[in-house]
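What follows is a set of notes on a single structure, which appears directly below.
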RNA sequence: CGGGGUGUAGCUCAGCCUGGUAGAGCACUUGCUUCGGGAGCAAGGGGCCGGAGGUUCAAAUCCUCUCACCCCGACCA
């Protein structure tokens with residue numbers, strides 16, 4: 030492609046709206062333009078990248094035996110009412126009405142549509158297992174779209190749904206998808222980690238997220254430094270502390286802490302390590318208010334807490350008024366001692382001795398408090414987020430490694446759905462014994478447009494984007510110096526352009542009447558991985574100049590060897 | 001949804017406090033020069049100052065409403 034014919038809308042100045050690197054660079058490189066909050070147009074350059082990611086996804090899904098379909102973006106409310114999600118989904122679901130005032134939604138996902146299709150089309154276990162995928166625009170009306178296409182409302186997604194006669198078959202396909210996803214992200218050229226994830230409201234037995242590791246990621250992930258344990262912090266388990274609780278050494282005593290509310294304030298005021306304090310959170314329970322007790326330096330994990338029998342779902346904190354009624358104090362002075370309600374303590378909190386906690390009296394805390402002596406032994410559970418330095422729970426708890434917390438961008442998610450949708454929508458087949466069985470399902474998503482942003486987030490420098498060969502909008506940039514001045518350069522460049530194109534390279538031929546500096550800056554910004562420069566000086570010697578996007582310096586190569594050298598650079602031959 | 005901020009040329013922004021002929025840089029057009037890392041000079045084109053209403057002799061500027069966009073928050077314990 031000739032650069033003079035391409036809408037190369039690069040901009041030098043950073044648009045004010047962009048915050049993350051990928052967002053800035055995608056705008057500056059002329060890949061995307063915003064139309065409304067979380068809604069973007071893909072310009073030719075950006076679309077080329079998107080299409081390359083799509084192509085890899087498509088190839089690998091096909092290789093894994095999945096079949097491509099294309100389902101409607103707009104879906105009738107009836108299906109969502111049948112699955113029960115019309116009322117559950119909330120404002121994230123973009124609802125519309127047609128001219129007959131019938132309800133529809135713009136699909137944020139397609140479980141209902143595919144389940145409806147398959148219950149009509151598949152009748153026998155002989156047709157199973159079957160896996161269907163599509164690559165299509167989704168719409169989710171996010172509370173706060175941000176970071177460009179990273180968290181957009183309209184976004185391109187590959188979603189796949191598998192159907193099975195039994196759980197074993199589902200597990201088999203799930204494993205295939207796990208491997209397929211790993212292949213896809215490896216081919217795209219991303220540093221990623223599969224991470225055990227919460228199955229959320231959907232239930233089911235297994236779920237993995239695929240995260241691109243990047244500091245700007247919105248998710249926190251716990252990784253082990255010794256084994257391959259990796260879990261979303263929402264799910265990561267904390268091993269109970271080693272050893273036994275120490276014996277009390279001092280008598281409990283009240284201590285005045287006027288105006289000290291937060292753990293930070295109280296521990297600084299009393300000159301005590303936050304690790305030796307307790308915080309007490311009052312939440313709604315299934316039978317009245319429940320107290321959740323954590324060590325001062327730990328955070329509540331709402332997902333873990335919600336799963337406890339005593340705790341109401343969804344997790345909800347009580348109002349300050351209720352705090353007053355139950356604990357007779359402000360929220361900043363609650364403590365488990367003397368509370369006449371269910372107390373659930375995190376494992377680390379239950380292990381403390383001689384700790385500090387609220388006295389249930391404004392401006393007062395207690396010190397040298399001890400479970401069993403000063404208050405009853407609590408019910409114990411894992412209800413906290415893991416933190417860096419926690420022992421790894423991997424290898425049945427025998428890993429001996431330590432967890433670290435990293436940020437990740439979720440680019441893929443696979444899970445075993447089970448029969449939630451097939452049951453609600455009566456998607457059944459006859460098995461080999463002629464019995465009607467509800468089909469277990471799996472579902473597998475990849476945020477295709479998000480992958481593009483994640484790739485930039487992970488691969489860029491001060492000059493711009495650095496694409497991997499696999500998803501670059503063009504493989505090679507051909508830059509003639511003095512194209513509009515020198516007949517020799519023009520002739521040689523045209524010739525080389527034809528040679529390279531003929532050899533199958535995807536070439537961006539910069540035939541614009543621009544100064545070299547402008548061309549170099551543009552090509553670096555848009556991240557073309559390989560660059561060839563032709564000039565009078567080199568031509569006289571019979572050489573062109575080659576520079577990889579990550580290379581410090583360019584080097585001369587003989588014109589006759591350009592094709593071979595490029596094949597090598599792209600690792601198409603050894 | 002709550003709080004804060006911003007809307008002025010295609011982009012980044014000044015002007016607003018203290019009302020009086022709408023600006024700069026970049027981008028764009030033309031010419032000349034320049035030509036290996038975002039050139040120089042000259043001449044140009046381009047604005048319902050987000051929208052509506054109000055105050056005033058006079059509003060980008062003051063007031064009210066409204067819309068859009070951006071940021072933060074939704075865990076004091």
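Residue numbers (my numbering): 30 to 603.
Note that beta-carbon positions come from the ideal geometry of N, C-alpha and C, so glycine has one too.
*How would you call residue 492, buried or exposed, if buried means at least 16 neighbouring beta carbons within 10 angstroms?*
exposed
*For residue 283, write down the residues that DSSP places opposite it in a beta bridge.*
395
*With respect to the alpha helix (DSSP H) encompassing residue 143, which residues constitute its N-terminal and C-terminal limits?*
140–150
*In whole angstroms, what is the alpha-carbon distance linking residue 415 and residue 131?*
In this model, residue 415 and residue 131 are separated by some 47 Å (Cα to Cα).
*Unbroken alpha helix (DSSP H) runs of length 4 or more, entirely within the region 533–575: which are they?*
545–555 and 565–570
_Ignoring anything shorter than 4 residues, give me the alpha helix (DSSP H) runs that lie fully in the region 58–107, in order along the chain._
73–92
_Tell me the rounded alpha-carbon separation between residue 201 and residue 154._
The alpha-carbon atoms of residue 201 and residue 154 are separated by roughly 15 Å.
*Can you find at least 3 beta carbon pairs, one from the region 456–469 and one from the region 138–155, that sit closer than 8 Å?*
yes
*Between residue 140 and the rest of its own chain, which residues show a CB-CB distance below 6 Å, the 5 nearest in sequence each way excluded?*
The beta carbon of residue 140 is closer than 6 Å to those of 450 in its chain, skipping five residues each way along the sequence.
*asked:* On the DSSP bridge list, what partners appear for residue 224?
replied: 238
*Any idea what DSSP makes of residue 160, helix, strand or coil?*
strand
*asked:* In the DSSP assignment, the beta strand (DSSP E) including residue 442 goes from what residue to what residue?
replied: 432–447
_Taking a contact to mean a Cβ-Cβ separation below 7 Å, would you say residue 329 touches residue 320 in this structure?_
Contact: no.
*Around the C-beta of residue 547, are 16 or more other C-beta atoms found within 10 angstroms, so that it is buried, or is it exposed?*
exposed
_Closest to residue 339 by C-alpha separation, out of 299, 70, 409 and 301, would be which residue?_
409
*Burial state of residue 174, where buried means 16 or more other Cβ atoms lie within 10 Å*: buried
*For residue 232, count neighbouring C-beta atoms within 10 Å of its own C-beta (all shown protein chains included) and say buried if the count is 16 or more, exposed if not.*
At residue 232, the pLDDT of 49 sits below 50, so the modelled position is not reliable; the number obtained from the coordinates is stated separately. Residue environment: residue 232 is assigned as exposed (fewer than 16 neighbouring CB atoms within 10 Å of its CB, all protein chains considered).
*asked:* Below 8 Å, how does it come out for the region 435–452 and the region 467–480: are there three or more Cβ pairs, yes or no?
replied: yes
*residue 542 to residue 550, Cα distance in whole Å?*
Residue 542 and residue 550: Cα-Cα distance of roughly 14 Å.
*Are the Cβ atoms of residue 398 and residue 369 separated by less than 7 Å?*
no
*Backbone secondary structure at residue 475 - three-state DSSP*: Reduced to three states, the DSSP call for residue 475 is strand.
*residue 133 by DSSP, collapsed to three states: which one?*
strand
*According to the neighbour-count rule (16 or more other Cβ atoms, all chains shown, within 10 Å of its Cβ), is residue 614 buried or exposed?*
Nothing can be reported for residue 614: it is not among the residues displayed for the chain, which extend from 30 to 603.
_Cutoff 6 Å; reference residue 230; Cβ partners in own chain excluding five residues on either side_ = Below a pLDDT of 50, predicted positions are generally treated as unreliable, and residue 230, at 49, falls in that range; the measurement from the model is reported next regardless. Within the same chain, residue 230 has no close Cβ partners at all.
*Which ranges does the beta strand (DSSP E) cover as unbroken runs of at least 3 residues, wholly within the region 266–313, from first to last along the chain?*
282–285
*Who does residue 623 pair with in a DSSP beta bridge?*
Because the chain in this structure spans residues 30 to 603, residue 623 falls outside the shown range and cannot be described.
_How far does the alpha helix (DSSP H) with residue 214 in it extend, from its first residue to its last?_
196–217
*For residue 413: DSSP bridge partner residues*: 329
*For the putative contact between residue 177 and residue 65, defined by C-beta atoms under 8 Å, what is the C-beta separation to the nearest angstrom?*
Not really, about 13 Å apart at Cβ, beyond 8 Å.
*Pairwise C-alpha distance: residue 378 and residue 355*: 21 Å
*Who are the near neighbours of residue 77 in its chain, counting only those whose CB is closer than 8 Å to its CB and skipping five residues on each side?*
Only 502 and 503 meet the Cβ criterion.
*Residues in its own chain within less than 8 Å of residue 268 by CB, not counting five upstream and five downstream?*
419, 420, 421, 422 and 426
_Top-ranked residue by Cα proximity to residue 275, from 381, 283 and 511_ = 381
*Residues of its chain near residue 417, where Cβ-Cβ distance is below 7 Å and the 5 sequence neighbours each way are ignored*: 432, 433 and 434
*Less than 8 Å between the CB atoms is what I'm expecting for residue 499 and residue 85, so what's the real figure, rounded?*
Contact between residue 499 and residue 85 holds: CB atoms are separated by about 7 Å, below the 8 Å threshold.
*I think residue 134 touches residue 165, with their Cβ atoms under 8 Å apart; what is that distance to the nearest whole Å?*
Between residue 165 and residue 134 the Cβ distance is about 15 Å, and since that is not below 8 Å, they are no contact.
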